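Notes for the one structure printed next.
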Amino acid sequence: MADPNLEIAPDFASPDFDVIRQGLRLGYQENDQQVIARLTAAWETNKNACVAAWNAQKEADARAAEDVELARRAQEEEEGRLAREEAEHEQRESDKKKPKMNPFAAGSSVADILVHPPSHYALQKLSTFDFVELWYFTHAGRLDAAKFSNKSQADDTFGISRVDDHLTVRSIASSQELLP
């Protein structure tokens with residue numbers, strides 16, 4: 001529907017309205033000026049009713065749009081609130097999962113004795129629930145594990161090397177010592 005405020009009154013004096021004017025002249029016993037005034041007044045009344053209905057519809061549309069906007073904002077605020085609560089909940093959960101630092105006692109001293117862990121062999125056997133001799137957990141077993149823990153291979157490991165046309169077996173440990 002077009003805006004009725006923009007409508008222009010028709011020219012009731014034009015020949016297009018001759019039939020209507022003649023019918024009104026005979027029906028109301030009036031002259032042409034009175035009939036044109038009556039037609040113009042009727043058109044103005046109809047236009048005013050259309051303008052009032054148009055304005056009421058526009059106000060209703062504006063109120064509906066405002067209600068929709070308020071509902072959208074409320075929905076966004078609710079989603080934002082839920083997102084913030086979820087983020088806070090996840091933050092609390094992650095804080096619970098973080099390893100807690102032991103309390104620091106100002107007067108305590110640091111131990112000066114290094115306790116060697118058991119060998120990797122013994123720990124691997126424990127993790128697979130296999131039998132492990134108790135010697136690996138004694139002081140002597142731990143010292144033995146500490147003695148060999150920083151070596152990548154044992155002293156009695158051999159490798160194959162080529163000398164002229166012959167293959168020979170040499171100790172890897174002696175080769176390691178020659179490297180710069």
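Position 36 of the sequence shown, counted from 1, bears residue number 36 in UniProt numbering, the numbering being contiguous throughout.
C-beta: ideal position from N, C-alpha, C; glycine also.
Keep in mind that this is a model prediction, so the values were computed, not measured.
If I'm right that residue 10 touches residue 43 with Cβ under 8 Å, what's the distance once you round it to whole angstroms?
Mapped onto the sequence shown, residue 10 falls at position 10. Mapped onto the sequence shown, residue 43 falls at position 43. With a Cβ gap of about 7 Å, residue 10 and residue 43 count as contacting.
If we call anything under 9 Å between Cβ atoms a contact, is residue 148 one with residue 171?
As a working note, residue 148 is residue 148 in the sequence shown. As a working note, residue 171 is residue 171 in the sequence shown. Against a cut-off of 9 Å, the Cβ pair of residue 171 and residue 148 comes out as no contact.
Using a C-beta cutoff of 9 Å, does residue 56 count as contacting chain C?
Going by chain labels, chain C is absent from the structure shown, which holds only one protein chain.
How many whole angstroms separate the CB atoms of residue 116 and residue 145, which I take to be in contact at a CB cut-off of 8 Å?
Walking along the sequence shown from the start, residue 116 turns up at place 116. Walking along the sequence shown from the start, residue 145 turns up at place 145. 6 Å between Cβ atoms; contact.
Who are the near neighbours of residue 162 in its chain, counting only those whose CB is closer than 8 Å to its CB and skipping five residues on each side?
Walking along the sequence shown from the start, residue 162 turns up at place 162. Counting only Cβ-Cβ distances below 8 Å, and skipping sequence neighbours, we find 168.
Could you tell me the boundaries of the alpha helix (DSSP H) in which residue 23 lies?
Locating residue 23 in the sequence shown gives position 23, where the first residue counts as 1. 18–28 is the extent of the alpha helix (DSSP H) around residue 23.
If you pair each beta-carbon of the segment 23–30 with each one of the segment 75–89, do three or more pairs fall below 8 Å?
no
Mind checking which residues open and close the beta strand (DSSP E) that includes residue 161?
For the purposes of this step, residue 161 is taken as the residue at position 161 of the sequence shown. Looking at the DSSP string, the run of the beta strand (DSSP E) that includes residue 161 is 158–163.
Pull up the distance between the alpha-carbon of residue 41 and that of residue 7, whole angstroms please.
Translated into the one-based positions of the sequence shown, residue 41 becomes position 41. Translated into the one-based positions of the sequence shown, residue 7 becomes position 7. So the alpha carbons of these two residues sit roughly 15 Å apart.
How many angstroms separate the CA atom of residue 123 from the CA atom of residue 89?
Indexing the sequence shown from 1 puts residue 123 at position 123. Indexing the sequence shown from 1 puts residue 89 at position 89. The alpha-carbon atoms of residue 123 and residue 89 are separated by roughly 38 Å.
Going residue by residue through the segment 98–152, where are the continuous alpha helix (DSSP H) segments of at least 4 residues, counting only ones entirely within it?
120–127, 139–148
Using 10 angstroms around the beta-carbon of residue 68, count the other beta-carbons present and answer buried if the total reaches 16, otherwise exposed.
Position 68 of the sequence shown, counted from the start, is the residue given in the question as residue 68. The residue in question, residue 68, is exposed, as its Cβ has fewer than 16 Cβ neighbours within 10 Å.
Mind checking residue 111: buried by the 16 CB within 10 Å criterion, or exposed?
Here residue 111 refers to the residue found at position 111 when the sequence shown is read from its first residue. It is exposed - the Cβ of residue 111 has fewer than 16 other Cβ atoms within 10 Å.
Go ahead and label residue 24 buried or exposed: buried means 16 or more other beta carbons lie within 10 angstroms of its beta carbon, across all protein chains shown.
The residue given as residue 24 occupies position 24 in the sequence shown. Answer is buried; the Cβ neighbour count reaches 16.
Please report how far the alpha carbon of residue 47 lies from the alpha carbon of residue 12, in whole angstroms.
Start at 1 with the first residue of the sequence shown, and residue 47 comes out as number 47. Start at 1 with the first residue of the sequence shown, and residue 12 comes out as number 12. The straight-line gap from Cα to Cα measures roughly 15 Å.
Rounded to whole angstroms, what is the Cα-Cα separation between residue 121 and residue 134?
As a position in the sequence shown, residue 121 is number 121, starting the count at 1. As a position in the sequence shown, residue 134 is number 134, starting the count at 1. Cα to Cα, residue 121 sits roughly 13 Å from residue 134.
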